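Presented below is the structure to which this report refers.
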Amino acid sequence: MEYVYAVYREKSFSAAARKLFISQPALSAAVKKVEKELGMPLFDRSALPIQLTTAGKAYIKAVQQILTIQKNLKGYMGDLANLQSGNLSLGGTNFFASCMLPFMIKAFSKNCPKIQLRITESDSADLYARLLTDEIDLIVDSGLYNVNFYESIPLMEDHILLAVPINNRQNRNHHAARLTQKDIIAGTVNDENIPAVALADFAGEDFLLLGRGNDMYRRSLGLCRNSGFSPKVRLYLNQLMTAYHMARQGLGITFLTDSLVRKSMLSDALVYYKIKDPATTRKIFIAYRKNVYQTSAMQEFVRLSRNLYNK
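Using this note's numbering, the letters of the sequence shown correspond one by one to residues 79 to 389.
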């Protein structure tokens with residue numbers, strides 16, 4: 079069962095064999111033995127990447143149900159130990175894994191030192207896929223998700239700001255609206271006396287955007303579209319922190335969140351602007367698979383995290 083599931087996950091016999099630390103011939107023989115017992119193939123080996131047959135889809139569905147039962151049983155046994163043993167698997171994109179999870183893990187580990195933690199850092203699509211197959215218990219995210227499969231618990235809100243290199247010519251036209259990193263750390267971004275800017279004023283500038291598949295990609299294009307223009311993109315990047323450092327070098331303007339700006343190294347290389355658009359408010363939450371058994375460790379992590387970010 080484990081071997082068949084690995085081939086399904088990796089979409090390749092060779093990749094699955096490497097992950098399982100066995101030879102490819104041994105893996106192929108094990109899968110063929112299962113197929114012989116069932117009387118039909120589980121994989122269409124002529125497809126690239128390898129695909130499930132109709133029988134294979136039914137087999138994998140049954141495997142996932144078995145894995146869920148096993149995971150729930152382990153969680154229940156861990157609960158009987160009253161947080162004195164057990165495991166908790168957490169996930170987040172680069173921003174959340176580096177800027178939020180460390181504080182959440184510190185609070186959790188102080189209260190539950192005997193719970194073994196595992197962290198997965200990946201893009202949102204992969205994290206939700208792993209959540210659905212019970213490889214991850216909880217993820218921290220801010221994007222869209224399928225409500226048929228996942229539920230979420232709100233943590234906090236952050237706000238999208240326009241980050242502009244200090245020497246950009248547009249800064250001369252928006253002196254009253256300029257914010258420094260120290261202003262944002264001090265909470266001045268919430269001062270209603272600080273005006274927002276019209277994003278359309280920056281339509282002709284080079285933009286640094288996150289690539290397709292990132293939540294900030296969708297949000298950034300939406301903000302520009304709401305302002306009546308398509309951004310002139312100089313670079314597409316994978317991580318918000320990379321966009322921050324690229325903008326610091328004067329390579330273009332970008333969208334950052336006040337949460338990231340507060341946690342970044344002090345620098346006067348950028349100035350920040352509030353944007354006239356309600357879509358700049360971003361909700362951050364903890365997501366988990368719907369109808370999954372919530373262990374005491376999961377519940378305690380959520381409780382401590384909400385206390386941390388709702389002060």
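Cβ atoms here follow ideal geometry from the backbone N, Cα and C, with glycine treated the same way. Predicted model, so just to flag it, every value in this text is computed and none were measured.
Which residue marks the beginning of the beta strand (DSSP E) containing residue i, and which one marks its end?
i, result
"V311", "310-315"
"I197", "194-199"
"M234", "228-243"
"L348", "348-351"
Which residues mark the beginning and the end of the alpha helix (DSSP H) in which residue i is found?
i, result
"D219", "Note, D219: premise wrong, no alpha helix (DSSP H); beta strand (DSSP E) at 216-219."
"V339", "336-341"
"L98", "91-98"
"Y206", "202-210"
"L277", "Neither: L277 is in no alpha helix (DSSP H) and is coded neither H nor E."
"I262", "259-263"
"E477", "The question about residue 477 has no answer here: the residues shown for the chain are numbered 79 through 389."
Helix, strand or coil: how does DSSP classify residue i here?
i, result
"N304", "helix"
"A365", "strand"
"T146", "helix"
"R381", "helix"
"Y371", "coil"
"T171", "coil"
"L105", "helix"
"L344", "coil"
"L299", "helix"
"L116", "helix"
"L386", "helix"
"V225", "coil"
"Q327", "coil"
"I272", "coil"
"N189", "helix"
"R250", "helix"
"K354", "coil"
Using alpha carbons as the reference points, say which of the options lies closest to residue i.
i, options, result
"L105", "L120, F121, V85, P119", "V85"
"F91", "N150, A274, S124", "S124"
"I338", "A347, L348, Y322, Q327", "Rather than Ile, the amino acid found at residue 338 in this sequence is Leu. The candidate whose alpha carbon is nearest that of L338 is Y322."
"I262", "D336, R296, D212", "D336"
"A375", "T358, I144, S167", "S167"
"D204", "V218, S101, M178, T132", "V218"
"A278", "G289, I353, S383", "I353"
"C190", "Q377, Y206, Y387, A281", "Q377"
"L210", "K139, D346, N268, D236", "K139"
"G330", "I244, N292, K149", "I244"
"G134", "P356, A175, K89", "K89"
"R208", "N172, L151, Y228", "Y228"
"Q317", "Q372, S230, F174", "F174"
"A136", "L116, I147, K149", "L116"
"D355", "R303, R367, Q129", "R303"
"T258", "K152, F307, S345, G328", "S345"
"N172", "Q143, S200, H253, F307", "S200"
"G300", "T358, V349, P119", "T358"
"A281", "I100, F307, D293, N292", "F307"
"N399", "F363, K114, T132, L145", "Coverage of the chain is limited to positions 79 through 389, which leaves residue 399 absent and any answer about it impossible."
"S202", "K97, G169, V109, M178", "G169"
Just grab the DSSP bridge partners of residue i for me.
i, result
"G282", "Per DSSP, none; premise fails for G282."
"D122", "Q129"
"A163", "A small fix is needed here, since residue 163 is Ser in this sequence, not Ala. According to DSSP, which records beta bridges pairwise, S163 is partnered with nothing at all."
"F181", "In the DSSP output, where bridge partners are listed per residue, F181 has none listed."
"F333", "L240"
"T359", "H237"
"L318", "Paired residues: none, contrary to the question."
"L287", "Y314"
Whose C-beta lies closer than 6 Å to the C-beta of residue i among residues of the same chain, with five residues either side of it excluded?
i, result
"V311", "F285, L287"
"V141", "M79, Y83"
"Y351", "L240, A255, V275"
"F186", "F379, L382"
"A347", "I244, R326"
"K111", "none"
Please go through the same chain and pick out, in chain order, the residues whose beta-carbon is closer than 7 Å to the beta-carbon of residue i, but skip the five residues on each side of it.
i, result
"I183", "L195"
"Y295", "L287, L288, G289"
"K361", "S220, P232, E235"
"V349", "V242, I244, N249, R256, L257, T258"
Within the same chain, show all residues whose beta-carbon is closer than 8 Å to that of residue i, passing over the 5 residues directly before and after it, in chain order.
i, result
"Q102", "F91, S92, A95"
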